[in-house]
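A short write-up of the structure that comes next.
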Amino acid sequence: VSAERTLILVKPDGVARGLSGTILARVEAKGYSLVDLKLVHATREILEAHYAGHVGKPFYEPLVEFMLSGPVLAAVFEGERVIEGFRSLAGSTEPTTAAPGTIRGDLGRDWGLKVQQNLVHGSDSPESAEKEISIWFS
Ligand code: DAT
Ligand code: MG
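Residue numbers for the sequence shown follow the UniProt record's numbering, so the first one is 19 and each next one is one higher.
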């Protein structure tokens, strides 16, 4: 049995607000294992690959610009059902209404911009996770 892995990003808002350690600690406290970690200033090329599924949506360009606005903490975590478990811990996409108890619900809010500055990314399937890990940790 090989444990499932996921790609987690602390987005530029989370890094700039000094929440990287808090967010990593919450993922570790749930029981997942950190297997790789780096601080990276993303390139447009990386983001075009990472967000290929969102091309053409109204928030795509603001999303890419936001992700280029500062460094991102990229992490690989491992554990049984970590993909689903992290997305549950992260909460729903919009931080204003994300459930209290989640990372986005506890630590995020709307900042009046065209993109949801929602602190974290987590892969949404095993296929996405493999692809995203290879994009950020090639
Ligand atoms: P998630 O990050 O919850 O998986 P997603 O994959 O649908 O959400 O979208 C990727 C990111 O794009 C999301 O984290 C924030 C931004 N986004 C999504 N939907 C949006 C919307 N309707 N308005 C503004 N930003 C949005
Ligand atoms: Mg997504």
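All C-beta atoms, glycine included, are put in the ideal place defined by N, C-alpha and C.
Excluding the 5 residues preceding and the 5 following Tyr-50 in the sequence, name in chain order all residues of the same chain whose CB lies nearer than 6 Å to its CB. Phe-95, Gly-97 and Val-100
Please report whether the beta-carbon of Ala-34 lies at a distance below 7 Å from any beta-carbon of chain D. As a matter of chain content, chain D is missing from the structure shown, which is built from one protein chain.
Backbone CA spacing between Val-82 and Leu-125 [nearest angstrom]: 22 Å
Quick one: is the Cβ of Asp-142 within less than 6 Å of any heavy atom of ligand 2? yes
Drop a sphere of 10 angstroms on the beta-carbon of Lys-29, count the other beta-carbons inside from all chains shown, and report buried for 16 or more, exposed for fewer. buried
Suppose only complete runs of 4+ residues qualify. What are the alpha helix (DSSP H) ranges in the segment 82-154, listed by chain order? 100-108, 121-125 and 144-154
Where do the ends of the alpha helix (DSSP H) carrying Leu-37 lie? Note, Leu-37: premise wrong, no alpha helix (DSSP H); not H, not E.
Any chance the segment 30-46 sits against the segment 86-94, with 3 or more Cβ pairs inside 8 Å? yes
In terms of DSSP beta bridges, what is Lys-56 paired with? Ala-92
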